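**Q** Sharing a structure, written as structure tokens. Questions coming.
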Amino acid sequence: MAKPRKTDGPSESGRLASVLGPGSGRPLPGNVWPSISYEEIAWTAEPDVIQSRRQRLRARGPYLAAVVPPIADAIPQVDGRISALVEEATIDMVRFDRDLGDDAAPFAALLLRSESAASSEIENLTAGAKRIALAQLGDRSSANASLIASNVAAMRAALDLSDEVNLYNILAMHQTLLQGSHPEIAGKLRNDAVWIGGSSPHSAIFVPPRHEAVEEALGDLVAFMQRDDIPALLQVSIAHAQFETIHPFPDGNGRTGRALVGALLRNKGVTEKVTIPVSAGLLANTKSYFEALGSYQSGDPSPITEMFAESTFAATDNGRKLAEDIKDIRTGIYATLPRNPSDSLQRTIELMVREPAITARMLSETTGQSPSSAYRNLEVLESNGSLRPSSHIKGHQVWVSPQVIAALDEFAARAGKRVRL
């Protein structure tokens, strides 16, 4: 059960009113939500797929695929307890976004990276913070880290596109996610059957709708997401579950769907400066997450809504600890320097606490200081142990911040262990 949280003051009443939506916090009647149905689809097995005789026998004939009901005009209803939890979680997210204040810039980048890593880990893609940071600079020695780095870029693209929710922007998110690993399918809706689990749709755990129905189903989902008469977190939870049910792409659906969560929270005004690492909350109990998606498909949006609300509490708690750790790291670095460090050195420190792997060229281009100044400042921070030289990437020396790397790895470890009761 979520612990009590202090309510916000009147200065945020307008913002909260817009994101909580009408009727928030009031008991609502029982669930009335459309469930998926099924249709029979003809199946022809691929001749070059190697299967056992038993698998071939099980994969003969038609199979059942989901038919996703339209939700553009549907009215989601959850009971009073979950409605109150949604309101409490929304207030907590607004406060988390607000409390970072002028210090949001470094934490925004780190939270985005942490959310991307957690979302990828739900798909069993794992890598340490150092590997991910190096992959973002172009290192390709770790396939998983490269995929996670692409997820960071996709989530950043999702936030950049959050002003408008439409099909084009969803495709752009997917394009950014997969253009490095699977360019042939990046940004393109699937044109074939997909299924989850099993060697064929006949033995699958779940078979999403036929590919001919995907574009219409996404259009309906976009219309649902564009509404402003639903509490934001309830709307985001349902939109994510509907997206995963449609499964519009050959690959990358989960990561794209969770990137969409961040974009919607920004679009609805819940966040303005930072990414709430919701996936870090979901990661603590992935079994319940997938079960909640199944309940949604059966016509009950309550479990996925409750899961998202509880995950936001875990996410903001973990995010606050990360913010404290980064502040302590920054304070410790300044304590090792002369009383009045140069402006360029201060800009170097501000970059290194949000980008745990940097090059002199990156520093020069990002902060506007000359190459000679960049190298001089990197040497200062290397000499006091704040930075360590790492590998060369594309001909450039890379420096890493061991303290920031450790803070990010600790964030990931907490996310994997945390379960709210």
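So for the sequence shown, the working numbering puts the first residue at 464; every next one is plus one.
Glycine is no exception: its CB is placed at the ideal position from the N, C-alpha and C atoms.
Every value quoted in this text rests on a predicted model; they were computed, and no experiment measured them.
1. Between L652 and I709, what straight-line distance do the alpha-carbon atoms span, to the nearest angstrom?
2. Can you list, in chain order, the residues of its chain whose CB lies under 6 Å from that of F669, leaving out five sequence neighbours each side?
3. With H, G and I counted as helix, E and B as strand and the rest as coil, what does DSSP make of I709?
4. Tell me where the beta strand (DSSP E) around T799 begins and ends.
5. Can you name the start and end residues of the beta strand (DSSP E) that L527 belongs to?
6. Taking the alpha helix (DSSP H) that A581 belongs to, which residues open and close that run?
7. Out of curiosity, what's the CA-to-CA distance linking M636 and A617?
8. Could you have a look at G737 and say whether DSSP puts it in helix, strand or coil?
9. Quick one: grab the DSSP three-state call for P885.
10. On a CA-only basis, which of V861, E586 and S833 is nearest D806? Give me that one, please.
11. Figure out for me which residue from I739, L826 and V867 has the closest Cα to the Cα of L563.
12. Ignoring anything shorter than 3 residues or poking outside the stretch 600-656, list the beta strand (DSSP E) runs there in chain order.
13. Do you know offhand how far R783's Cα is from F559's?
14. Do Q860 and A820 have their CB atoms nearer than 8 Å?
15. Mapping DSSP to helix, strand and coil, what is E502?
16. Could you give the distance in angstroms between the alpha-carbon of A747 and the alpha-carbon of R877?
17. Rank L697, G717 and A777 by C-alpha distance to the C-alpha of I585 and give the top, closest one.
18. Among V737, P766 and E735, whose alpha-carbon lies nearest the alpha-carbon of T749?
19. Run through DSSP, which three-state label would Q832 get?
20. Compare the Cα-Cα distances from G725 to each of P804, I633, E769 and D683 and report the closest residue.
21. So, at 7 Å on beta carbons, what are the nonlocal neighbours of N840 in its own chain, with the 5 sequence-adjacent residues on each side left out?
22. Select from D763, S742 and E845 the residue whose C-alpha is nearest the C-alpha of N892.
23. Within the chosen definition, does the stretch 687-707 reach the stretch 549-558 through at least 3 CB pairs nearer than 8 Å?
24. Do you know offhand how far L826's Cα is from S835's?
25. Give the straight-line distance between the Cα atoms of S604 and E675, rounded to the nearest whole angstrom.
26. Span of the beta strand (DSSP E) holding Q860?
27. Start and end of the beta strand (DSSP E) containing A820?
28. Can A598 and S582 be called in contact, C-beta distance under 8 Å?
29. In the DSSP output, which residue or residues are listed as bridge partners for F669?
30. What is the rounded straight-line gap between the Cα of V541 and the Cα of A837?
31. Run through DSSP, which three-state label would G732 get?
32. Quick check on the DSSP output: the alpha helix (DSSP H) that includes D692 runs from which residue to which?
33. Please state whether DSSP places D763 in a helix, a strand or coil.
34. T775 by DSSP, collapsed to three states: which one?
35. How many angstroms separate the CA atom of E773 from the CA atom of L624?
**A** So, from the listed chains and residues:
1. 11 Å
2. I659
3. I709 falls in the helix class under three-state DSSP.
4. Looking at the DSSP string, T799 is not in any beta strand (DSSP E), and its letter there is neither H nor E.
5. Y526 to V530
6. Note, A581: alpha helix (DSSP H), A567 to I585.
7. 5 Å
8. Looking at the sequence shown, residue 737 is not Gly but Val. Correct three-state label for V737: coil.
9. No answer is possible for residue 885: the residues shown for the chain start at 464 and end at 884.
10. S833
11. I739
12. Counting whole runs of 3 or more residues, the stretch 600-656 contains no beta strand (DSSP E) stretch at all.
13. Looking at the two C-alpha atoms, the distance is approximately 8 Å.
14. no
15. strand
16. Per the coordinates, the alpha-carbon of A747 lies some 9 Å from the alpha-carbon of R877.
17. G717
18. The option with the nearest alpha carbon to T749 is P766.
19. Residue state, collapsed to three classes: coil.
20. I633
21. Its chain contains S807, L808 and T811 as the residues whose beta carbon lies nearer than 7 Å to that of N840, once the 5 sequence neighbours on both sides are disregarded; these appear in chain order.
22. Residue 892 falls outside the range modelled here, since the chain spans only 464 to 884, and no answer is possible.
23. yes
24. 11 Å
25. 38 Å
26. H859 to V863
27. It spans A820 to T822 - the beta strand (DSSP E) in which A820 sits, taken as one unbroken run.
28. No, they are not a contact pair.
29. I659
30. Between V541 and A837, the C-alpha separation is close to 55 Å.
31. coil
32. Segment: none, D692 is in no alpha helix (DSSP H) and carries neither H nor E.
33. coil
34. helix
35. 26 Å
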